[in-house]
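The structure appears right after this line, and notes come after that.
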Amino acid sequence: DTGVSQDPRHKITKRGQNVTFRCDPISEHNRLYWYRQTLGQGPEFLTYFQNEAQLEKSRLLSDRFSAERPKGSFSTLEIQRTEQGDSAMYLCASSLLMVADTQYFGPGTRLTVL
Amino acid sequence: AQKVTQAQTEISVVEKEDVTLDCVYETRDTTYYLFWYKQPPSGELVFLIRRNSFDEQNEISGRYSWNFQKSTSSFNFTITASQVVDSAVYFCALSEATSSGSARQLTFGSGTQLTVLP
Numbered sequence: 013d014t015g016v017s018q019d020p021r022h023k024i025t026k027r028g029q030n031v032t033f034r035c036d037p038i039s040e041h042n043r044l045y046w047y048r049q050t051l052g053q054g055p056e057f058l059t060y061f062q063n064e065a066q067l068e069k070s071r072l073l074s075d076r077f078s079a080e081r082p083k084g085s086f087s088t089l090e091i092q093r094t095e096q097g098d099s100a101m102y103l104c105a106s107s108l109l110m111v112a113d114t115q116y117f118g119p120g121t122r123l124t125v126l
Numbered sequence: 252a253q254k255v256t257q258a259q260t261e262i263s264v265v266e267k268e269d270v271t272l273d274c275v276y277e278t279r280d281t282t283y284y285l286f287w288y289k290q291p292p293s294g295e296l297v298f299l300i301r302r303n304s305f306d307e308q309n310e311i312s313g314r315y316s317w318n319f320q321k322s323t324s325s326f327n328f329t330i331t332a333s334q335v336v337d338s339a340v341y342f343c344a345l346s347e348a349t350s351s352g353s354a355r356q357l358t359f360g361s362g363t364q365l366t367v368l369p
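Going down the list, the sequences are from chains V and H.
The opening residue of the first sequence carries number 13 in the numbering used here; numbering runs sequentially from there.
The opening residue of the second sequence carries number 252 in the numbering used here; numbering runs sequentially from there.
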């Protein structure tokens, strides 16, 4: 099985620019999660999808953040008007909906906002 | 609200020593799931184990073992005969269960940086 993939792996941008990240889940996994991890901390939940429906969003997800999963396969996370505080590792995870499902993580996209 | 506490920020041991990583959790739910993940320097979170709240049996997998105690809300992880390759950040995580039994989003602890010296 191919694991979760994320693109790009690294992104450097200037404050105020928009950025978009992509996540490809494990094939046939119908749940997809986005997390954010800052240095020295554990990942924090941002949002998740079941198929193409976005079922939950964290209060961490400000109006500048938007996520989509248009066909229930890959997902994109867009950050508009980036701020220095957005610098973090953005992690994607996927799981197969079942009792006690387990999330498998991708390698992450490291965002640096200058 | 859920919370996971990993009080040990950093642990350093010499190769072949045993080491235990502590995890204490808080939840109001009666059904929940506990996880351990490993994050090596490469950055990718690697799943190690999942435990269901109704199953308090301890588990052993090679050099790894896990001790789940509901009475103290703890889910500790022990590495026996540690190796340099075990050096990583280890995260404990908690997930509530939905009405159908599937897991929800994960709440992570802040992690324990384990360094195994040769």
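Just so you know, even glycine gets a beta-carbon here, dropped at the ideal spot from N, CA and C.
With contacts defined by Cβ atoms closer than 8 Å, glutamine 53 (chain V) and serine 361 (chain H) form a contacting pair. Under the Cβ distance rule, glutamine 356 (chain H) counts among the residues neighbouring chain V, one pair being separated by less than 8 Å. Chain-ordered, the chain H residues with CB closer than 8 Å to the CB of leucine 103 (chain V) read Leu296. Proximity to phenylalanine 57 (chain V) across V:Leu73, V:Arg43, V:Asn63 and V:Ala65 peaks at V:Leu73, based on C-alpha coordinates.
Between the alpha carbons of leucine 123 (chain V) and lysine 23 (chain V) lies a gap of roughly 5 Å. For the segment 53-68 of chain V, the residues whose beta carbon sits under 8 Å from a beta carbon of chain H are, in order, Gln53, Gly54, Pro55, Glu56, Phe57, Tyr60 and Glu68. Across the segment 319-332 of chain H, no CB contact with chain V closer than 8 Å is found for any residue.
Beta bridge pairing from DSSP links arginine 76 (chain V) with no other residue. Judged by DSSP secondary structure, methionine 101 (chain V) falls within the beta strand (DSSP E) whose first and last residues are 100-107. Interface criterion met: the Cβ of alanine 112 (chain V) is under 8 Å from a Cβ in chain H.
A residue is called buried when at least 16 other Cβ atoms come within 10 angstroms of its Cβ; leucine 67 (chain V) does not meet this threshold and is exposed. When 7 Å is used as the limit between beta carbons, tyrosine 284 (chain H) is near these residues of chain V: Ala112, in chain order. Neighbours of asparagine 309 (chain H) across chain V, judged by C-beta separation under 9 Å, do not exist; the nearest C-beta is about 18 Å away. Within the DSSP bridge table, the entry for alanine 112 (chain V) names no partner.
Residue contact check for phenylalanine 305 (chain H) against chain V: no CB pair falls below 8 Å. Here glycine 118 (chain V) is buried: its Cβ has 16 or more other Cβ atoms, across all protein chains shown, within 10 Å. CA-CA distance, lysine 289 (chain H) to alanine 252 (chain H), rounds to 24 Å.
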